[in-house]
Structure formats: C-alpha cells, structure tokens
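*Asks:*
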Amino acid sequence: MSYMALYRKWRPDEFQEVKGQEHIVTTLRNQIKHDRIGHAYLFCGTRGTGKTTIAKLMAKAVNCENPVDGSPCNECASCKAIAAGNSMNVIEIDAASNNGVDNIRQINGAVQYSPTQGRYLVYIIDEVHMLSKGAFNALLKTLEEPPEYVIFILATTEAHMIPATILSRCQRYDFRRISIETITDRLAELLEREDVRATREALAYVAKAADGSMRDALSILDQCIAFNLGEELTYDRVLETIGAVDIEIYIKLMSAIVSGDTLTAINIIDDAVWQGKDLTQIVNEFTSFVRNVLVLKMNPAMTVDVTSENIPRLLELGNDLSEEYLINYINILQEAASKINRATTKRIVLEVAVIKMCKPQMQQGYAAMEKRIEELEKRLEDIGAGNIVYVSAGNAGIQNADTQNANIQNANTQNVNILNANIQDVNKQNINPENINLQKGNVPQSNTTNTSAAQMNADTENQADGSGPEQKIADNLKNKYKEAGYDEVKRIVSAWHDLRQTVMKMERTYLDKANVVPGETPSTIELTFVENDENFMAIKYFSEPRNIKHLEEMIAEFTEREVHVSLRKVRPKEYQNSNVAEWDISKINFDNIEFKS
10 MSYMALYRKW
20 RPDEFQEVKG
30 QEHIVTTLRN
40 QIKHDRIGHA
50 YLFCGTRGTG
60 KTTIAKLMAK
70 AVNCENPVDG
80 SPCNECASCK
90 AIAAGNSMNV
100 IEIDAASNNG
110 VDNIRQINGA
120 VQYSPTQGRY
130 LVYIIDEVHM
140 LSKGAFNALL
150 KTLEEPPEYV
160 IFILATTEAH
170 MIPATILSRC
180 QRYDFRRISI
190 ETITDRLAEL
200 LEREDVRATR
210 EALAYVAKAA
220 DGSMRDALSI
230 LDQCIAFNLG
240 EELTYDRVLE
250 TIGAVDIEIY
260 IKLMSAIVSG
270 DTLTAINIID
280 DAVWQGKDLT
290 QIVNEFTSFV
300 RNVLVLKMNP
310 AMTVDVTSEN
320 IPRLLELGND
330 LSEEYLINYI
340 NILQEAASKI
350 NRATTKRIVL
360 EVAVIKMCKP
370 QMQQGYAAME
380 KRIEELEKRL
390 EDIGAGNIVY
400 VSAGNAGIQN
410 ADTQNANIQN
420 ANTQNVNILN
430 ANIQDVNKQN
440 INPENINLQK
450 GNVPQSNTTN
460 TSAAQMNADT
470 ENQADGSGPE
480 QKIADNLKNK
490 YKEAGYDEVK
500 RIVSAWHDLR
510 QTVMKMERTY
520 LDKANVVPGE
530 TPSTIELTFV
540 ENDENFMAIK
550 YFSEPRNIKH
560 LEEMIAEFTE
570 REVHVSLRKV
580 RPKEYQNSNV
590 AEWDISKINF
600 DNIEFKS
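According to this note's numbering, the sequence shown is numbered sequentially starting from 10.
1) Where in the segment 307-334 do unbroken runs of the alpha helix (DSSP H), each at least 4 residues long, occur, reported from the N-terminal end onward?
2) Pick helix, strand or coil for LEU242, following the three-state DSSP scheme.
3) Taking GLU74 as the reference, give the member of LEU66, CYS88, ALA64 with the closest Cα.
4) ILE160 bridges to which residues according to DSSP?
5) Only counting the same chain, and skipping five residues up and downstream in sequence, which positions put a Cβ closer than 6 angstroms to that of THR289?
6) Which residues does DSSP pair with HIS573 in a beta bridge?
7) Going by CA-CA distance only, name the one from LEU66, LYS368, THR36 that's closest to TYR182.
8) Sort out for me which residues DSSP pairs PRO527 with in a bridge.
9) So, with DSSP's three-state summary, where would you put GLU23?
10) Just the Cα atoms here: how many angstroms apart are GLN232 and GLU540?
11) Are there 16 or more other CB atoms within 10 angstroms of the CB of LEU176, so buried, or fewer, so exposed?
12) Label SER96 either buried or exposed according to how many other C-beta atoms from any shown protein chain fall within 10 Å of its C-beta, with 16 as the threshold for buried.
13) Sorted by chain position, which residues of the same chain lie with C-beta nearer than 6 angstroms to ARG178's C-beta, five sequence neighbours on each side aside?
14) Counting along the chain, where does the alpha helix (DSSP H) carrying CYS53 start and finish?
15) Thinking C-alpha only, which one of VAL159, LEU149, GLY29, GLU26 is nearest ALA68?
16) Assign ASP542 to one of three DSSP states: helix, strand, or coil.
17) Throw me the rounded Cβ distance for the PRO76 and ASN98 pair, which I believe falls under 8 angstroms.
18) DSSP state of THR62, grouped into three classes?
19) So ARG356 is in the alpha helix (DSSP H); what residue range does that whole segment cover?
20) Helix, strand or coil, according to DSSP, for ALA207 in the structure here?
21) Would the segment 239-251 count as touching the segment 211-218 if we require 3 or more Cβ pairs under 8 angstroms?
22) Could you work out which residue in VAL304, ILE251, VAL315, LEU227 is closest to TYR259 when comparing CA atoms only?
23) Per DSSP, what are the beta-bridge partners of GLN40 in this structure?
24) I'd like to know whether the C-beta atoms of ILE548 and VAL574 end up nearer to each other than 7 angstroms.
25) Grab me the residues of THR273's own chain with a C-beta within less than 6 angstroms of its C-beta, minus the 5 sequence neighbours each way, in chain order.
26) Within 10 angstroms of its Cβ, does ASP111 collect 16 or more other Cβ (buried), or is it exposed?
27) VAL99 lies in the alpha helix (DSSP H); which residues open and close that run?
28) DSSP state of GLN121, grouped into three classes?
29) What is the DSSP secondary structure of GLU443, reduced to helix, strand or coil?
30) Which first and last residues belong to the beta strand (DSSP E) in which TYR182 is found?
31) Spatial neighbours of THR458 within its chain, please: CB distance less than 7 angstroms, with the 5 preceding and 5 following residues excluded, ordered by chain position.
32) I need the DSSP call for SER552, collapsed to helix, strand or coil.
33) May I have the straight-line CA-CA distance separating THR8 from MET13, to the nearest angstrom?
34) Classify PHE545 as buried or exposed, calling it buried when 16 or more other Cβ atoms lie within 10 Å of its own Cβ.
35) Distance, Cα to Cα, PHE161 vs VAL137?
36) For SER80, is the classification buried or exposed, using 16 other Cβ atoms within 10 angstroms of its Cβ as the cut-off for buried?
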C-alpha cells in the first residue's frame, strides 16, 4: 500500500511524542528507569486517547536493549521487530472476537514458555471488557500470579464492565480526553512535516470535532486534505468537508429563539437541511453552544471552546436570558437528541424542538411559566403606555399605536371617538388607577379610601394612646435616625404607598408580601421575604437585578432621592425570632400618626 493514514503514519514511537497523557507517561517511564515494572496494567479511556499506542511503547521499552531515559531507542533489533509487528515477544489480542474461555486457555498455556529474545513477553488485550464471564474467570489465576517474564496490558473504553476481581489485580490508568489546544498544536506540527498549508482556525475546528480523540482528529484531517488537495485548508473548507455548521448559524438561530421568531428559526433549519448538514450533529453542536452561553453567563472568565472574537456575542445572548431558560433549552435539545437517532424523519424532531424553544406557552414547568408571565407583563406595560390599543372589528387585532393612527384616518368618525374614549379609559385604569397626581418630585398623600371606617376608628384609638403597631414602628425609626434621617424615611414611606398603585398588579402582589426594612442609612432599604411556598414567585421575581433596578428607579422618580434596594430572605423560624415586623415601613402611614416626642 503506497499511502498510509495519518494516524498510523505518525503514531508516536517514543514517549516524548505522546500528547495529553503526561501523568501516565511520567509514571511508566519512572517504572522502567527504576526497574519497578508491574505484571498487569489496565488502560481505560475514550477512543483515540493513546491506550494502544502507550501499550506498544511500553512493550518496546521493557524489551529495548538500550533504553533512553525510560523510552525505547528504536535502533536495536528488538525495537525494530516490535515496530514492524514481527516480534514474538508482543502478542496483541482483540477480545471482541477472541472472547471465549478457549482463547484464554491458549494464553494460559503459552505463558509457560519464556521468550527466546528480549526480557518480557507482553500480552496486549484490547477491548478487554468484551470477554465473557467464563473467560474472565479463566484469566484470574494467570493474571494474579503470572511468570516473572510476563506482562499483561489490558485496554478498554468501558471500565465499568470489568469485574472487580480483575480490577484489583491491575494497575489502573485513566486516559483523559485530549484538549483542543493540544490536538491543534499536534496537527499543526504534523502538517508542517507533510508540507500542507492550513489555517489555525481550521485546525482548531478539526480538533473540536474530534471530541478529545487524537485519532479522530487525524482521520478528519486526512479527509479534509483529500477533499482540498493542493489548496490551503481553511475554516470554511473544513466546514464544507465534514458537513458541519458555522457558529454564525447557531448565533442567528439562538437570536431567533430569544426573540420568539419561529419563522426565522425554521428557515435556518430548512437551509441546513438543503445544504446536506447532519441534523444529529446540529442538535449536539447547538446543545454545546447553549451550554457555552450558560457557562459564560454564570462566569465570563470560564474557558469554553469558542474563539475570543465570539465570546462577547455569546455574553450578549446570555444577557437576555435567565439561567433557567438556558437550562430549559438544553433539556429540550437533549430530549431531541435522544429521539432523533430513532426517528424516520429527523427534520421533524429538530423543528419541533426549535418551536418549543420559541414558544414557551407550549411547555410546562417553572421556566416556561416564568417566560409566559414576562410576556404578559410586557404586553400590559405596552397597553399602559399607550403603545398598543385594541381596535374595532373592522380593524381586528392589536396594532402599534403609530400604525393604528394611520388606520383611524380611514375609519368613520363614530369609531374614532369610541376608540379614543377606550384608549383614555385604558390609560386611566392602568397608568393611574386611583387618579393620583404622579409627577416627578411631587410626593402625594396616600389614598386611604379603601380602608373601612371600622378599621380607621380602631387605628385612631390605638394611635391615641400610642399603643398601635404604626406608632411602635415610628418610635423605632425616631430612635434610630436623626431628625433629617427620620424625615427621609417619612418621604420614602409616603412615596412607597403611591408607588404601589402605579406598578402592575402582579408586582404589587409581590410587594405586598414583603417587609420593607430601612438599612443602616435611610437611603437603603431591604425587601425582606419569608422563604416559603407562598413567597416563592416573589423572591424569584426580585432576585432578578433588573427588577430591583426598576424598583429603585421608580422610588427615585417619586422622591428625587437615590435609594438602594436589596433583597433579603429569612427562614420562617428566623422571622419569628426577629423584629423585622417592628421595622416594616410599608405597614405604616405617617399621616395617621401624631408623633409625641
């Protein structure tokens, strides 16, 4: 055969050339140098990480006539014979096809004869987990007490299938997946020897596609070189050769999902199908992409398999999504990945998964419910701001205010008047439900019309003798702050009651569940919630920094003061033992208190 595959041609012939398994190489070389060689080794790890390569190097090194720092010299007769596969001292056995008791009995009989050349007889049993139960039992005695000139090297990708009786008789070495950077460097080194030009970006993608396997990387590289023979290997040519999808496509797909643009997302999938892309690979790669967005959102300093130019774009995508959404997306994609291999029409599985991600109302669970609530809030805010109006049957649907104004010009006068009246009613009900004069810097008096006459009488009696809960809170505040600070708290309290009337109903409900406690300074307040099922949604809502910031901005709008709001969670028992309720400024109205110094 005139041509040899790259992974065979460039198989390391000395320990120094093995990449990514330094922890194993160092241990074995030290054993060889100090003549502390074991009788049985178990090499575990995923495909293409160097198990068989190191096993052969070990066989050469222990039989080498002139070892160099624990590595074979590759010059002596023994090294050359083993490299050519002609040595009687090294026996390779494929346990996948030689997995019976009779095969092991042959080994048990052969080990009785010492090697005619070299020091050791080395048995390399690959895919050892494929041996039958009887074969493992037959191997036990020989593996435990072999002749001094026999070494067993067992290799497997499924260590969990090896019986404990075998594991206890071997030195176990776990081979790690090789990093993308290490594989990229090795590919660049070999291409330089092959006199083939390639960009660093192209090699990095080949390394990524190999998923930690050096052999897979060399096989993919072989394919790419053949497809682009005589030309420089570029990133785009690698994508075209292996049928992969550029990260730009995943960024566009993610942007469409975030914005709920189902049509664009489906069109992206359609383009990938017509380009002949592997849909199973798309699902797996998009899952990794979403995972990278999640990891970067949690810690922007984390290392991910994305170029430095694309990291800011992934961070930007993560800013628009909570961690719960991203985890929900990963769960949907993993469900699709488990189905797509069994599906007769893979496209349908992928499209359904994308539609689920675009439309949270189609899903169940907390993340989906939170997404639906956010959409409802946004719609209500748009209605309250007058950006969205409901039109008559002749112009059915919800339209933008600017577009609606153009349509109104073509409507009859009666419909226009009715529409304008409805808009005014909607705005009054949503923006200013209790006709409070809400102007910047103007702190209106709290509206107490909803309080029953009986309750007001009871409060007045309590306040008259200074024994009411409001008076007690006021006393605490008076004792804690100086006069200026006390006035500041009064200003915040007055604004707080009126602020509650302006927020959306859901947010108002959440605020009602909180105890509002002043901090060390009057300009700092804590939203304190008891951690229970009833307050779960409220705590979740105010855990979002944007919601806290929105609340701070609204307080500043009313008070013309910068107020910092923080979230505090307390356990039920802690709440009972604390005096949080005795400092809750949201439960008092200074207009009802006549403070007596």
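All C-beta atoms, glycine included, are put in the ideal place defined by N, C-alpha and C.
*Replies:* The relevant details are as follows:
1) Those alpha helix (DSSP H) runs which fall completely within the segment 307-334 and span 4+ residues are 320-328.
2) Reduced to three states, the DSSP call for LEU242 is strand.
3) Considering only LEU66, CYS88, ALA64, the residue with the shortest C-alpha distance to GLU74 is CYS88.
4) ILE160 pairs with VAL131.
5) Result list for THR289: ILE349, in chain order.
6) Note: HIS573 sits in a beta bridge opposite THR533.
7) Comparing alpha carbon positions, the residue from LEU66, LYS368, THR36 closest to TYR182 is THR36.
8) PRO527 is bridged by DSSP to ILE534.
9) In the structure shown, GLU23 falls within a coil segment according to DSSP collapsed to helix, strand and coil.
10) For the pair GLN232 and GLU540, the Cα-to-Cα distance works out to about 58 angstroms.
11) The Cβ neighbour count for LEU176, taken over all protein chains shown within 10 Å, is under 16; the residue is labelled exposed.
12) By the Cβ-count criterion, SER96 is buried, with 16 or more other Cβ atoms from all chains shown falling within 10 Å of its own Cβ.
13) Cβ-Cβ distances below 6 angstroms link ARG178 to ALA49, LEU152, GLU153 in the same chain, with the five nearest sequence neighbours on each side left out; the list follows chain order.
14) Unbroken run through CYS53 is the beta strand (DSSP E), 49-53; no alpha helix (DSSP H).
15) Among VAL159, LEU149, GLY29, GLU26, the Cα nearest to that of ALA68 is on VAL159.
16) In this structure, ASP542 counts as helix in the three-state DSSP scheme.
17) Contact flag wrong, Cβ pair sits at about 15 angstroms.
18) Of the three classes helix, strand and coil, the one that applies to THR62 here is helix, per DSSP.
19) It spans 355-367 - the alpha helix (DSSP H) in which ARG356 sits, taken as one unbroken run.
20) ALA207 falls in the strand class under three-state DSSP.
21) Taking one beta carbon from each stretch, the segment 239-251 and the segment 211-218 have 3 or more pairs nearer than 8 angstroms; the two touch.
22) The shortest C-alpha separation from TYR259 is found at VAL315.
23) None; GLN40 has no bridge partner.
24) Not a contact, by the Cβ cut-off of 7 angstroms.
25) Closer than 6 angstroms at the Cβ level, and outside the excluded window around THR273, lie ALA265.
26) Result: exposed.
27) Boundaries around VAL99 are those of the beta strand (DSSP E), 99-103, since no alpha helix (DSSP H) includes it.
28) In the three-state reduction of the DSSP assignment, GLN121 falls in the coil class.
29) At GLU443, the pLDDT of 41 sits below 50, so the modelled position is not reliable and the matter cannot be decided from this model.
30) That run of the beta strand (DSSP E) goes 180-183.
31) Since pLDDT at THR458 reaches only 37, below the 50 mark, its modelled position is unreliable, and no value is offered.
32) Coil, per DSSP.
33) Residue 8 lies beyond the residue range present for the chain, which begins at 10 and ends at 606; the question has no answer from this structure.
34) Exposed: under 16 other Cβ atoms inside 10 Å.
35) Cα to Cα, the separation comes out at about 11 angstroms.
36) With 16 or more other Cβ atoms within 10 Å, it is buried.
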